[in-house]
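Undergrad: In this note's numbering, the protein residues as written are 180 to 332. Where is the CB? At the ideal position from N, CA and C, for every residue including glycine.
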Amino acid sequence: MEPLTNREVRTVTDGYADNLRLYQQLYSYATHGNTNLFHNTIEKKLQDGLFMYMPLVLSNLSQITTCVCKWLKLLSQRSPQNNTFVHIVVSFGHAELAAEILQQHKPFLLEKNFEGDTALYIAAKSEDIDTTTNTLLPEARGTTNVENNGDEK
Numbered sequence: 180m181e182p183l184t185n186r187e188v189r190t191v192t193d194g195y196a197d198n199l200r201l202y203q204q205l206y207s208y209a210t211h212g213n214t215n216l217f218h219n220t221i222e223k224k225l226q227d228g229l230f231m232y233m234p235l236v237l238s239n240l241s242q243i244t245t246c247v248c249k250w251l252k253l254l255s256q257r258s259p260q261n262n263t264f265v266h267i268v269v270s271f272g273h274a275e276l277a278a279e280i281l282q283q284h285k286p287f288l289l290e291k292n293f294e295g296d297t298a299l300y301i302a303a304k305s306e307d308i309d310t311t312t313n314t315l316l317p318e319a320r321g322t323t324n325v326e327n328n329g330d331e332k
């Protein structure tokens with residue numbers, strides 16, 4: 180296998196740096212509860228990606244699917260504590276933003292961090308029962324990828 184050229188290395192590195200900057204930007208919006216900025220940033224990036232593939236729509240629909248999967252993957256990124264964006268926003272008390280993220284992919288609500296806590300558990304633990312009940316539980320409807328670790332009897 181031949182080594183990468185400087186141009187190829189720069190391209191790989193630039194892509195990583197762009198994704199890292201985007202993740203950090205979204206993380207900042209998440210911790211501050213900037214729902215509009217969080218949503219608009221993802222929407223803009225998604226549109227940019229979709230428009231980039233528009234000429235290929237008729238010949239290769241899988242390109243659009245790939246683009247959408249990239250943004251789902253971005254939303255799936257984890258913090259060093261294995262928290263998703265949903266874990267992060269509920270721990271800062273921003274249930275509305277959590278609901279927006281869950282509209283992209285409901286199973287995020289039930290993913291566990293390193294402590295074994297789901298975002299729903301973190302929200303309930305915060306003692307803001309009204310927010311948990313009125314904002315997050317409706318998003319949980321229809322979510323079925325709950326792991327049964329023998330906790331139920």
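Between LEU251, GLU294, HIS266, which has its C-alpha nearest ALA209's C-alpha?
TA: For the purposes of this step, residue 209 is taken as residue 30 along the sequence shown, with counting starting at 1. With distances taken between Cα atoms, ALA209 lies closest to HIS266.
Undergrad: Under DSSP, the alpha helix (DSSP H) around LEU299 begins and ends at which residues?
TA: Position 120 of the sequence shown holds residue 299. Here the alpha helix (DSSP H) through LEU299 covers 298 to 304.
Undergrad: So the candidates are HIS273, SER270, LEU288; which of them puts its Cα closest to the Cα of LEU254?
TA: Indexing the sequence shown from 1 puts residue 254 at position 75. Checked all of HIS273, SER270, LEU288; the closest Cα to LEU254 is LEU288.
Undergrad: To the nearest angstrom, how far is it from the Cα of SER270 to the Cα of PRO317?
TA: Along the sequence shown, read from residue 1 onward, the residue named residue 270 stands at position 91. Along the sequence shown, read from residue 1 onward, the residue named residue 317 stands at position 138. Going from the Cα of SER270 to the Cα of PRO317 covers about 18 Å.
Undergrad: Taking 7 Å as the cut-off, decide whether the C-beta atoms of VAL268 and LEU276 are in contact.
TA: Translated into positions along the sequence shown, residue 268 becomes position 89. Translated into positions along the sequence shown, residue 276 becomes position 97. Contact: yes.
Undergrad: Which same chain residues, not among the five before or five after ASN333, have their C-beta less than 7 Å away from its C-beta?
TA: The question about residue 333 has no answer, for the chain in this structure spans 180 to 332.
Undergrad: I'd like to confirm the pairing. Which residues does DSSP put opposite LYS291 in its beta bridges?
TA: Indexing the sequence shown from 1 puts residue 291 at position 112. Beta-bridge pairing links LYS291 to THR297.
Undergrad: Over the uninterrupted alpha helix (DSSP H) stretch that includes GLN256, give me the two end residues.
TA: Residue 256 sits at position 77 when you count from the first residue of the sequence shown. Counting along the chain, GLN256 falls outside any alpha helix (DSSP H), and DSSP gives it neither H nor E.
Undergrad: In angstroms with no decimal places, state the Cα-to-Cα distance between LYS224 and LEU216.
TA: For this step, residue 224 is matched to residue 45 along the sequence shown. For this step, residue 216 is matched to residue 37 along the sequence shown. Rounded to whole angstroms, LYS224 to LEU216 spans 12 Å at the Cα level.
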